[in-house]
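Novice:
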Amino acid sequence: MREVSEAEERRVQEQVDAWIETVMRDYVRAMDVGDGAVLVIGRRRFVVRGGELLPGD
399 MREVSEAEER RVQEQVDAWI ETVMRDYVRA MDVGDGAVLV IGRRRFVVRG
449 GELLPGD
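Take 399 as the starting number for the sequence shown in the numbering used here and just add one per residue.
1. In terms of alpha-carbon separation, which member of Trp417, Met399, Gly440 and Val426 lies closest to Glu450?
2. What is the rounded straight-line gap between the Cα of Arg443 and the Cα of Gln411?
3. Starting from Val445, follow its DSSP beta bridges and name the residues at the other end.
4. When you compare each of Val446, Trp417, Ile418 and Val402 to Val431 by their alpha carbons, which one comes out closest?
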């Protein structure tokens with residue numbers, strides 16, 4: 399296994415933080431839209447139903 403530099407670790411953490419921020423923003427947007435809104439995270443699909451985020455069909 400290779401050693402990871404602090405710069406690489408920091409860059410990856412920044413990418414992860416940006417991805418999480420995007421997912422959270424999309425989640426809030428989907429919940430604001432309400433029933434029927436679809437949220438895709440990676441390969442998973444979720445649907446807002448009754449004020450809850452549920453696995454998509």
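In this text, a Cβ means the ideal position worked out from N, Cα and C, and glycines have one as well.
Specialist: So, to answer that:
1. Numbered from 1 along the sequence shown, position 52 holds the residue referred to as residue 450. When C-alpha distances from Glu450 are compared across Trp417, Met399, Gly440 and Val426, the shortest belongs to Val426.
2. By one-based count along the sequence shown, residue 443 stands at place 45. By one-based count along the sequence shown, residue 411 stands at place 13. Straight-line Cα distance between these residues: approximately 25 Å.
3. By one-based count along the sequence shown, residue 445 stands at place 47. Looking at the DSSP output, Val445 sits in a beta bridge with Val436 and Leu452.
4. One-based indexing of the sequence shown puts residue 431 at position 33. When Val446, Trp417, Ile418 and Val402 are compared, the shortest CA-CA separation from Val431 is found for Val446.
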